[in-house]
Each structure stands twice: as C-alpha cells, then as structure tokens.
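Colleague: Could you have a look at this structure, given as structure tokens, before my questions?
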Amino acid sequence: MEKFTVVKGLVAPLDRANVDTDQIIPKQFLKSIRRTGFGPNLFDEWRYLDEGYPGQDNAARPVNPAFVLNFPRYQGASVLIARQNFGCGSSREHAPWALQEYGFRTVIASSFADIFFNNCFKNGVLPVILKEAEVDVLFQECEANEGYQITVDLERKKVIRPNGEAFSFEVDDFRRHCLLNGLDDIGLTLGFADDIRAFEAKAKQARPWVFQALR
Amino acid sequence: MSGKTLYDKLWDDHLVKQRDDGSCLIYIDRQLLHEVTSPQAFDGLRLAGRQPWRLDANVATPDHNVPTSKTERARGVAGIEDETSRIQVATLDDNCRDFDIVEFTINDERQGIVHVVGPEQGLTLPGMTVVCGDSHTATHGAFACLAHGIGTSEVEHVLATQCLVQKKSKNMQVLVTGTLGEGVTSKDVVLAIIGKIGTAGGNGHAIEFAGSVFEDMSMEGRMTVCNMAIEGGARVGMVAADEKTIEYFRGKPFAPSGENWDKAVAYWRTLKSDADAIFDTVVEIDGATIKPQVSWGTSPEMVLPIDATLPVPGQEADAVKRDSMERAYQYMGLTPGMAITDIRLDRVFIGSCTNSRIEDLRAAAAVIKGRSVASSVKQAMVVPGSGLVKKQAEAEGLDKVFLAAGFEWREPGCSMCLAMNADKLQSGEHCASTSNRNFEGRQGNGGRTHLVSPAMAAAAAIAGHFVDVRSF
Ligand code: SF4
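These protein sequence lines map, in sequence, to chains A and B.
Quick note on the numbering used here: the first sequence kicks off at 1238 and runs consecutively.
Quick note on the numbering used here: the second sequence kicks off at 22 and runs consecutively.
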C-alpha cells in the first residue's frame, strides 16, 4: 500500500451531501476483475454527458462542462472536499480505487459512511473529518482563490491552510500507523496467528456447530 | 454495572485480541462471496502466496451479474451474453475451484442473492459473525448475527486470517412499539425509520431493532428491516433471537442437528440484550402511526407516506438539505407539492435482497390476483431471490398469478436492483421498486427509482401510478 505522510495539493470542491458510491464509480465499471482502471470513470455520470461503459475511449466522449472536476482550474487536484456522509451506499472498494487512481490522496468532509471510510485506509487514501464550519471555510477559500492548495499532515493530524492556520483532525492510532508506514494489515494480523488458533480451539468447544464441515 | 446489549455479547464472543492501540481482532464465522467483490481478493491471496485460513467458513454464489431471462440462463455461464459479466462469473467459478470453496453455481437450484441464500441454507446461523463484500450483509442481523458489509481488501483479510481488524461501534436501539396497521409491512417500517433518522443517522452505530413490532414480525420481515440498516448509515442492524428465530433453522440443510442442535439452541436463547443494557442512542416510533411509504427522491431518506404531497425546497431551513432536495427534483423530474399518488410508473420491479423472499412474492401476488398490469406500464417483473424461492413460488402457483396479470417471471439474481445485467431502466423512466437504493443511476443511467413494499409495487403496477394499497 502507498504510504501517506504529508500531502500538499490543489483542492477540488464537490459541494454535495450524501455522495454515494454509485456516483463515485457506477456499477457497470465493477465488472472488472482487476484493481486498477477505475480512475478514468470516477464520477462517470457527472463527468460525461453520455452513458459510459467499460473499455470505452473516454477521449471521444462528450464532457459535462458544468461538472466541477471538469473545470480547468481544478485539473491535477489531489485533495477533494465534500459535504456530509460522503461515500454512503455500497461496500465497493472500487470507490477508493477510482479516487486514488484519478489522483485524489485525501477526501475532506464533515462525515463519512462507515464502510467507505474504512476502505479508504486500505488503499492509501486518507479520509479526513473536519467540523462543518471548518469544511465551510475550505469551500469558501477554494472558490475564492484559483490554485488553492492545502497541506494534509497525517503525522501531526493537521490540515494546514495557505495562511498557515491549521485545523486538527482525529484518526485512530492503528489506521494512522498503517497508513504512515504503508503496512499490509494481513501480514500484521497473521502475526497474531497463535491467538487466532487459541480462540478457535475454545470456540470449537463452545459453539461446535459453527465449525461444521460444508462437504 | 449495567447489562450487555446483544451487540456487546456478539462482540465479546468473537473478540480474539484487543491490541495495545485499542484496535481489535474479531473472529469471523462465515464469509459469503459473490463475483463482483471477490476476484481482486483471490488475486491478492495468490500474489502473496497465501491460502484461506479456514475453507469451510466460506461459501460463494454468483448473483449481481447473472442474467435473469430463461433463454440466456439455460446455457449456463457460457451463455451470458455480456462478455465482462461472463468473465466475472467464470472467474468466481475458477477461484472457488482453485481454492476449493463451496459454490452454488449459476444453475444450481440453491443459487441466488447471497443474502437470501445464506439464511435459506442455514449457512447463516444465530450468533455468528457474518461478512460479505456487500453492504446489505446487515440482512443477516435478523437472526441475531453480527453481520456487516466489507470491502475487497477485507474480503482478502478474512480469507487469509479469518479475522477483521475492528473498532467497536456505538449501540443504538430503534424501538418500534404498538402494532402495525393493516397493509403496512416491514418495508414501510424500515423506510419510515430511515425517513426519521436520515441516511447518516446510524453512522458509527450498530442498530438493534426492538419492540413489539419486530417481535410480531416474521423472519422474512426482520430480514427486510435489517437489510436496510445500511441505508440508515449503520453497517449492522440486528433483532434479538426468539423462538421464531430458532424455528426458522429447524431442518435447514446446513443447520446443526442432534446434540449440536440442542447445544446451539441453548446458546441462541441467550442472544438478546439484557434488560438493564444501556444504548448510546435510542429512537422510538409508534408503529400504529406508520403508513405505506414511497421514496420520491435520490436518497432513501427522501421518503413519505402514500397520502403525502412532495416537499417544497423553499420551506427547508437547512441549506445543504435544500440543495440536495433541489438536485433530487431536477433528477427525478417531479414537481414540489404534487401528490405521491400522481407519480406515474413506467416499470415495476419486485425483487432484490430486500424483498424477494417467498413472503414478499405472496404479498404481491395477493394484490395482483385477478387483475392486470396497467397498459401504461412498459414492464413489470418479478425476480425471485433464489432458485428455491422460485421453486416454492411455482409450487404455490404464484408464477401463474404474475404471468396472468402481465408480469414477467424471471430467474433468480440481483437483476434490476442495480442493473449490472441486462435488466435496467431507460433514462427518465420511473420505477416502483422493492429494492433498497434510489440513488441516481442505480437502476440504469437516468432511471428514477421509487422504493416501496412488494404490495405497494404490485398495486402501482395495476394502477399505473402509486396508490394506497390499504384501500386498493
Ligand atoms: S439485490 Fe441489490 S442490494 Fe441486494 S446484494 Fe444484490 S445488488 Fe446488492
């Protein structure tokens, strides 16, 4: 997994609440059996005016000029700001895959849906929860200033604005540790293999039916 | 010290290790796999040279992509016309063969939507931790399971370690008291709950649905409610185990038998919150006030009783909500202030892991019997949740009722719930759907979804617009 320590980058504002995973990456693109290739179809239904399908030449498609990510001033953005309950809906990990591949390393909102939030950490994308009023400030400054860049510092748990002022955020220690070091958490869990085996041995006594063979 | 909630008990019984940083390893009893969110997980295992930790914890079935037409289905995997869908279903078959995982393949009569198949086979059992790379895994909470959706990396994590790294959620109780009125169903109850708490209302919480309304509800009804916990923002939705829960599993293919059955039943009877347990959040609703519900917008919280008129954005004080409302109107092509009963339907879909079980089909058939689909409705379809539901419905003659009324009778799968196969809405079409999500484009690009109960969908199909099934 890609490490996340400090990201300084251009901010793109997606001023919507309840952005769902069907919007982040529509279902027709979930038919891929790979982990990559989703970036070009991030927010497909908003980015393009036609209906997208997998394997299409996106360069030949009519672009929706009214969609914020298509504005020239937001090209190359690596920080996405959005409103409450970002990532609600399905468990598809294709959503953070698409965001990451498009170039977003972090998403800032006042709240996130639980499964999406969790999935981000597995993919080197940092979801940052700030207060509603703080997110508002970012939206205002972003719209007012072309080329608006901020710094997201995971080590210090701070979002630093161009004027040097910072907003603090919380993130739990385990996730922070994995992201800072780009750790594979399967490997970490297997480090507890003895504990897992001991648990199983006890559970087999208490709840033997759970361990019934299926064939 | 106060007592434990059901969630606390399930958590404690599956806690392998609490680590120094506060994160926990939770043991997973059952993992259900389907074709969409598993291929990258199997690839990950291969790349790392890892083997599944415990084979018998896993069961697979293809559901999201499978075609539901008889002709296409008759030719098995090779007959799936859409190439990408075919590859995905074939990849699940290959992975299950390579790793030796039990799979109900496309034309096995046990195939169906994972969340219908698990309980139906007794693969989901009370008190289990159940996961699946699908957010509607909350469905299994109806059996007092700790069940929730996970992403693909976690699917791989569970395959490799039989555990998940978790942080405990808060406890939330949704208490629905009293009794439901005639014609009001479990779907109306859960839609009304989401209308009240909002789509983010349950974020960070495990919900327990409690109160007389859920005690009186069938197991099918409880599954419908828990299924949509995620639409209320909670990954987990549960109902305590009772005698109905236990009876449901008697004789199911993978349920325990003999001495193990008795031992299991004794354990299952403990799966309820203690009387003095304390919940972080409690929401209470009087069941008698719930009317049949219809969603009008692009989020499940945009839902109203059938006799309501659509809200006026100008009257909404919250700016973010007002903005969402305006966007929803634009997308849905509806007018503020219009009556729900004036929404005309182009298509009707009865199916999905929310409402595709035998009880749902019976409820729809009871409304439809002797009537026919309105000529203005282009398509009305019924998609049973599994091969066994289909078989049971046919044994009861329900298929004949649907066909005689002008409904299509399909093969089992997710179908138009998310339109990954050929079943989808055209842009601008309105659909009365028994599924769980009305997001933009969910049932097809530009398609407009209205979430309702099976009885309400059936009545809408006959009338061509929404009607109050209680006076239909
Ligand atoms: S029926 Fe719909 S919601 Fe349920 S698992 Fe299938 S796609 Fe998901």
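Note that the Cβ used here is the ideal one computed from N, Cα and C, for glycine as well.
#1: Count the C-beta pairs between the region 1279-1289 of chain A and the region 1424-1440 of chain A that are closer than 8 Å, then say yes if the count reaches three, no if not.
#2: So, at 7 Å on beta carbons, what are the nonlocal neighbours of B/R383 in its own chain, with the 5 sequence-adjacent residues on each side left out?
#3: Measure the C-alpha to C-alpha separation of B/S320 and B/T470 and round it to an integer number of angstroms.
#4: Of the residues B/H486, B/F460, B/A414, which one's Cα is nearest the Cα of B/A395?
#5: Are the C-beta atoms of A/L1427 and some chain B residue less than 8 Å apart?
#6: So B/L409 is in the beta strand (DSSP E); what residue range does that whole segment cover?
#7: Provide the residue(s) that pair with A/F1349 in DSSP beta bridges, ordered along the chain.
#8: Comparing the C-beta of B/V505 with each C-beta of chain A, is any distance below 8 Å?
#9: Is the beta carbon of A/C1415 within less than 7 Å of some heavy atom of the ligand SF4?
#10: Can you pull the DSSP bridge partners for B/T302?
#11: So, does the CB of B/I108 fall closer than 8 Å to a CB anywhere in chain A?
#12: Who are the Cβ neighbours of A/E1380 in its own chain at under 8 Å, not counting the five residues just before and after it?
#13: Identify, in the order they occur along the chain, each residue of the same chain with its Cβ nearer than 6 Å to the Cβ of B/A276, setting aside the five sequence neighbours on each side.
#14: From B/T82 to B/E130, what distance separates their C-alpha atoms?
#15: Tell me, which residues are paired with B/E229 by DSSP?
#16: Taking 7 Å as the cut-off, is the beta-carbon of B/N457 closer than that to any non-hydrogen atom of the ligand SF4?
#17: Which complete beta strand (DSSP E) runs does the region 64-132 of chain B hold, if anything under 3 residues is left out?
#18: Grab the span of the beta strand (DSSP E) containing B/N238 for me, first residue to last.
#19: For A/D1259, go through chain B and note every residue whose CB falls closer than 9 Å to its CB, in chain order.
#20: Across which residues does DSSP place B/M429 in a beta bridge pair?
#21: Specify whether the region 206-220 of chain B and the region 92-104 of chain B touch according to this definition: at least 3 beta carbon pairs, one from each stretch, less than 8 Å apart.
#22: Residues bridged to A/Y1290 by DSSP?
#23: Does B/V257 pass the burial test, meaning 16 or more other C-beta atoms within 10 Å, or should it be called exposed?
#24: When you compare only the Cα positions, how much space is there between B/F120 and B/V87?
#25: So is B/R498 buried or exposed if we call it buried at 16+ other beta carbons inside 10 Å?
#26: For A/A1332, is the classification buried or exposed, using 16 other Cβ atoms within 10 angstroms of its Cβ as the cut-off for buried?
#27: Go to B/V475, then tell me how far its alpha helix (DSSP H) extends in each direction, as first and last residue.
Modeller: Result, derived from the coordinates:
#1: no
#2: L419
#3: 10 Å
#4: B/H486
#5: yes
#6: No beta strand (DSSP E) contains B/L409, which is instead part of the alpha helix (DSSP H) from 408-416.
#7: A/F1323
#8: Outside the displayed range of chain B (22 to 493) lies residue 505 of chain B, so it cannot be described from this structure.
#9: no
#10: B/M193
#11: yes
#12: P1250
#13: G143, F270
#14: 11 Å
#15: B/Q194, B/M259
#16: yes
#17: 79-81
#18: First, the residue type needs correcting, since residue 238 of chain B is Met and not Asn in the sequence shown. Per DSSP, B/M238 belongs to no beta strand (DSSP E) and is neither H nor E.
#19: L439, R458, F460, E461, G462, R463
#20: What sits at residue 429 of chain B in the sequence shown is Glu, not Met. B/E429 is bridged to B/M402.
#21: no
#22: In DSSP, A/Y1290 forms no bridge with anything.
#23: buried
#24: 22 Å
#25: With chain B running from 22 to 493 in the structure shown, residue 498 of chain B is simply not present.
#26: buried
#27: What sits at residue 475 of chain B in the sequence shown is Pro, not Val. Run containing B/P475: 475-484, per the alpha helix (DSSP H) assignment.
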